[in-house]
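Student: Got a structure for you, questions after.
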Amino acid sequence: MMEGRIHSVETFGTVDGPGIRFIIFLQGCALRCKFCHNPDTWATDEGRKVTVEEMVKEIEPYLPYYRSSGGGLTVSGGEPTLQAPFVTELFTEVKKRFNLHTTIDSSGFSDAEKNRSLYEVTDLVLLDLKMMDRNEHIELTSQPNDQILRTAKWLSDNGTKMWIRHVLIPGITDSEENLRATGEFLGTLKTVEKFEILPYHQMGIYKWEALGKEYPLEGVESPTEEEVKRAYAIIEDARALSAANSK
Numbered sequence: 373m374m375e376g377r378i379h380s381v382e383t384f385g386t387v388d389g390p391g392i393r394f395i396i397f398l399q400g401c402a403l404r405c406k407f408c409h410n411p412d413t414w415a416t417d418e419g420r421k422v423t424v425e426e427m428v429k430e431i432e433p434y435l436p437y438y439r440s441s442g443g444g445l446t447v448s449g450g451e452p453t454l455q456a457p458f459v460t461e462l463f464t465e466v467k468k469r470f471n472l473h474t475t476i477d478s479s480g481f482s483d484a485e486k487n488r489s490l491y492e493v494t495d496l497v498l499l500d501l502k503m504m505d506r507n508e509h510i511e512l513t514s515q516p517n518d519q520i521l522r523t524a525k526w527l528s529d530n531g532t533k534m535w536i537r538h539v540l541i542p543g544i545t546d547s548e549e550n551l552r553a554t555g556e557f558l559g560t561l562k563t564v565e566k567f568e569i570l571p572y573h574q575m576g577i578y579k580w581e582a583l584g585k586e587y588p589l590e591g592v593e594s595p596t597e598e599e600v601k602r603a604y605a606i607i608e609d610a611r612a613l614s615a616a617n618s619k
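So the sequence shown is numbered by our numbering: it starts at 373 and just counts up by one.
Encoded structure:
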């Protein structure tokens, strides 16, 4: 059986896909987001080694909850596509044995075409759009967004359902220019079932401190309810106009 490296699991997740879900946080990520609340998942050589069979057995006791709620299995991270062969085999097994709904929570940083076999057994992709300007994306995450945007288009063109997420960070991702560009890009995608703004929070600071890392966004506050409403309004307005022009 294929082996993977995982950071941790959550048995009753309710926000990373529909229904109640078993969530596996994998080890390893190519991005270094300044707002990351799981920096302890970045290293690729850490975490717990597991086989697909071991994970299937961990999931099995909770199946009644997942089935009754319309839930399933979500693989997050870290970055799931860095361990695409492991996730592909895991999804294949849980579909064959349990007929579970499968989701990956991804940055979109890996080549989607090369991971086609993974997406063929993935029912839903949770995809983050952080910054639309390439240089600003590098400043925030350490990496450019070219492949991320290509992944979003590939998923749309290949009929893969998506939930798009945008982390709203005051003074960083909340400029009208970035929000409008995000909405315009959303309007070109055909398979987006849901769009969510995730208000920035500081709950992961203790992890940075535990790792001996300086937290880059020290002093940045969470957005207010009004700021979130404003962001939604700008994005949805630009999205609707873009979608209309794309027809």
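Positions of the beta carbon are idealized from the N, C-alpha and C atoms, including for glycine.
Since the structure is predicted, the reported quantities are computational estimates derived from the model, not experimental observations.
If you draw a straight line from the alpha carbon of residue 602 to that of residue 547, how long is it in whole angstroms?
Tutor: Going by the C-alpha atoms only, they are around 11 angstroms apart.
Student: Within a Cβ cutoff of 7 angstroms, which residues of the same chain sit near residue 615, ignoring the five residues on either side of it in sequence?
Tutor: Result list for residue 615: 559, in chain order.
Student: Quick check on the burial criterion: 16 or more other C-beta atoms within 10 angstroms. Buried or exposed for residue 550?
Tutor: When all chains shown are included, residue 550 counts as buried.
Student: Should the segment 459–468 be regarded as contacting the segment 506–523, the criterion being three or more beta carbon pairs within less than 8 angstroms?
Tutor: These segments do not touch.
Student: Provide the residue span of the beta strand (DSSP E) that contains residue 534, from first to last.
Tutor: Taken as a continuous stretch (DSSP letters only), the beta strand (DSSP E) holding residue 534 covers 534–540.
Student: Please report the straight-line C-alpha distance between residue 381 and residue 396, rounded to a whole angstrom.
Tutor: The straight-line gap from Cα to Cα measures roughly 5 angstroms.
Student: Who does residue 448 pair with in a DSSP beta bridge?
Tutor: Per DSSP, 397.
Student: Tell me whether residue 379 sits in a helix, a strand or coil according to DSSP, three-state version.
Tutor: If DSSP states are grouped into helix, strand and coil, residue 379 belongs with the strands.
Student: Count Cβ pairs between the segment 576–585 and the segment 436–447 that sit closer than 8 angstroms; are there 3 or more?
Tutor: With the cut-off at 8 angstroms, the segment 576–585 and the segment 436–447 do not touch.
Student: Buried or exposed: residue 471, going by 16 or more other Cβ atoms within 10 Å of its Cβ?
Tutor: The residue in question, residue 471, is exposed, as its Cβ has fewer than 16 Cβ neighbours within 10 Å.
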